[in-house]
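Read in order, the letters of the sequence shown correspond to residues 7 to 366 in the numbering used here.
We put the beta carbon where it would ideally sit given N, CA and C, even for glycine.
The structure appears below as structure tokens.
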Amino acid sequence: MRVKLENLTKIFPNKKDSGEVIAVNDFTFEIPDGKLIGLLGPSGCGKSTTLFMLSGLQKPSGGHIYFGDEDVTNLPPEKRGVGLVFQNYALYPHMTVKQNIMFPLQSQKMAKREMMDRVLEAAKLVQIDELLERKPSELSGGQQQRVAIARALVKSPNVLLLDEPLSNLDARLRLQTREEIRRIQRDTKVTTIFVTHDQEEAMSISDLIVVMKKGVVQQIDEPQKVYDEPVNLFVAKFLGTPPINVFVGKIENGSLYIGEECVSKFNAPDQEVYVAVRPEGFNVDPNGPFSATMKSVEVMGRDSSIVSTHPAAETPIIRSIIASDTNVVPDANGKVHFTLKPYKTFVFNKETEERVISKE
Numbered sequence: 007m008r009v010k011l012e013n014l015t016k017i018f019p020n021k022k023d024s025g026e027v028i029a030v031n032d033f034t035f036e037i038p039d040g041k042l043i044g045l046l047g048p049s050g051c052g053k054s055t056t057l058f059m060l061s062g063l064q065k066p067s068g069g070h071i072y073f074g075d076e077d078v079t080n081l082p083p084e085k086r087g088v089g090l091v092f093q094n095y096a097l098y099p100h101m102t103v104k105q106n107i108m109f110p111l112q113s114q115k116m117a118k119r120e121m122m123d124r125v126l127e128a129a130k131l132v133q134i135d136e137l138l139e140r141k142p143s144e145l146s147g148g149q150q151q152r153v154a155i156a157r158a159l160v161k162s163p164n165v166l167l168l169d170e171p172l173s174n175l176d177a178r179l180r181l182q183t184r185e186e187i188r189r190i191q192r193d194t195k196v197t198t199i200f201v202t203h204d205q206e207e208a209m210s211i212s213d214l215i216v217v218m219k220k221g222v223v224q225q226i227d228e229p230q231k232v233y234d235e236p237v238n239l240f241v242a243k244f245l246g247t248p249p250i251n252v253f254v255g256k257i258e259n260g261s262l263y264i265g266e267e268c269v270s271k272f273n274a275p276d277q278e279v280y281v282a283v284r285p286e287g288f289n290v291d292p293n294g295p296f297s298a299t300m301k302s303v304e305v306m307g308r309d310s311s312i313v314s315t316h317p318a319a320e321t322p323i324i325r326s327i328i329a330s331d332t333n334v335v336p337d338a339n340g341k342v343h344f345t346l347k348p349y350k351t352f353v354f355n356k357e358t359e360e361r362v363i364s365k366e
């Protein structure tokens with residue numbers, strides 16, 4: 007099912023000062039049929055509000071929602087054909103797994119045999135068909151989340167909506183369950199919108215990600231393209247572990263400076279900028295134009311992380327990820343010298359924080 011959001015807006019009253027809070031601001035986007043879309047952003051950015059408007063649990067203040075060619079903006083949730091999975095599972099504790107999965111079908115006047123067939127099909131899809139007679143209290147967190155997903159899928163929804171479904175799981179279960187969600191989505195080919203604040207989750211399973219900030223969409227693209235080509239400083243800082251290193255700099259006479267160091271040629275108008283360098287964007291080079299005062303080297307298997315400081319850095323330390331067999335020798339002043347990889351170095355106007363591109 008193709009999903010289209012057209013100028014979608016949600017405004018809440020601000021109880022503190024009788025004003026308004028714009029939770030989602032003029033969101034326009036088309037979700038292709040059968041794709042998994044990650045809505046990504048920090049807490050309070052509007053991603054869950056967007057999901058609740060898609061489900062019908064909240065009514066938009068403006069704009070339209072289309073499922074296929076049908077305008078569903080004012081349709082109640084039960085008529086939209088959506089499956090919704092919450093982060094807290096929301097299972098009925100007194101019911102068995104089978105009864106929990108079957109519950110959405112009981113209002114559809116469906117024959118009992120057909121209901122059982124659907125329940126078994128959904129349970130097999132999420133690999134819990136051996137747990138149908140258990141109660142939720144007898145299941146692990148990951149198993150409970152699978153029950154919630156099966157309950158959402160048993161109705162054969164047009165759209166599957168997942169609201170931070172992995173946030174209550176430990177790290178290992180999160181990894182396993184996100185892989186299962188991707189497998190299930192590929193098997194069912196149901197259009198899926200996945201809300202998360204975890205950029206690793208969004209990047210690992212999404213066909214497209216939507217990065218949001220304070221109700222405004224910042225960037226929409228394939229995960230790797232968003233990582234490789236951030237349109238503004240917020241997106242660059244939000245994606246990446248360890249986080250991107252940000253420095254105060256300038257463009258002057260066709261050269262890019264970090265602090266007082268000229269690090270490369272850069273063909274753009276003179277301006278004050280932020281220079282952001284991914285941790286993997288450094289090459290150790292004794293003759294390199296960029297230098298930082300080394301504090302330590304952390305060996306992490308195949309990679310090492312050089313921990314250093316720089317007077318123009320936004321943060322107390324910067325991290326440079328290099329191959330663990332690289333010979334790191336500080337100079338007489340305790341500094342390590344680097345060249346910067348152009349495709350891992352991004353320049354943003356200091357005032358607007360929008361990306362500045364060097365012209366060929």
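- In this structure, the alpha-carbon of Gln-205 lies about 7 Å from that of Leu-46.
- In chain order, Lys-220 place their CB closer than 8 Å to the CB of Gly-50, counting only its own chain and leaving out the 5 sequence neighbours on each side.
- Under the three-state reduction of DSSP, Phe-200 is assigned to strand.
- The segment 66-78 and the segment 10-27 touch, with no fewer than 3 CB-CB distances between them shorter than 8 Å.
- Val-241 is positioned such that its CB atom lies closer than 8 Å to that of Gln-224.
- Taking a contact as a CB-CB distance under 8 Å, the pair Phe-109 and Arg-157 counts as one, their CB atoms being some 7 Å apart.
- Restricting attention to alpha helix (DSSP H) runs no shorter than 4 residues, the segment 201-261 encloses them at 205-211, 229-234, 239-244, ordered along the chain.
- DSSP, reduced to helix, strand and coil, places Thr-79 outside both helices and strands of the structure shown, so it counts as coil.
- Taking a 10 Å sphere around the C-beta of Lys-16, we find 16 or more other C-beta atoms and assign the residue as buried.
- If the five residues before and after Gly-147 are omitted, its C-beta is found closer than 7 Å to the C-beta atoms of Asn-174, Leu-175, Leu-179, all from its own chain and listed in chain order.
- By the C-beta density criterion, Asp-331 is exposed, having fewer than 16 other C-beta atoms within 10 angstroms.
- Closest in alpha carbon position to Leu-42, among Glu-320, Ile-28, Ile-215, is Ile-215.
- If you look at Ser-54, you'll find it in the alpha helix (DSSP H) that goes 53-61.
- A contact is defined here as three or more CB-CB pairs under 8 Å, and the segment 109-121 fails this definition with respect to the segment 129-143.
- With a threshold of 16 other beta carbon atoms within 10 Å, Asn-259 falls short and is exposed.
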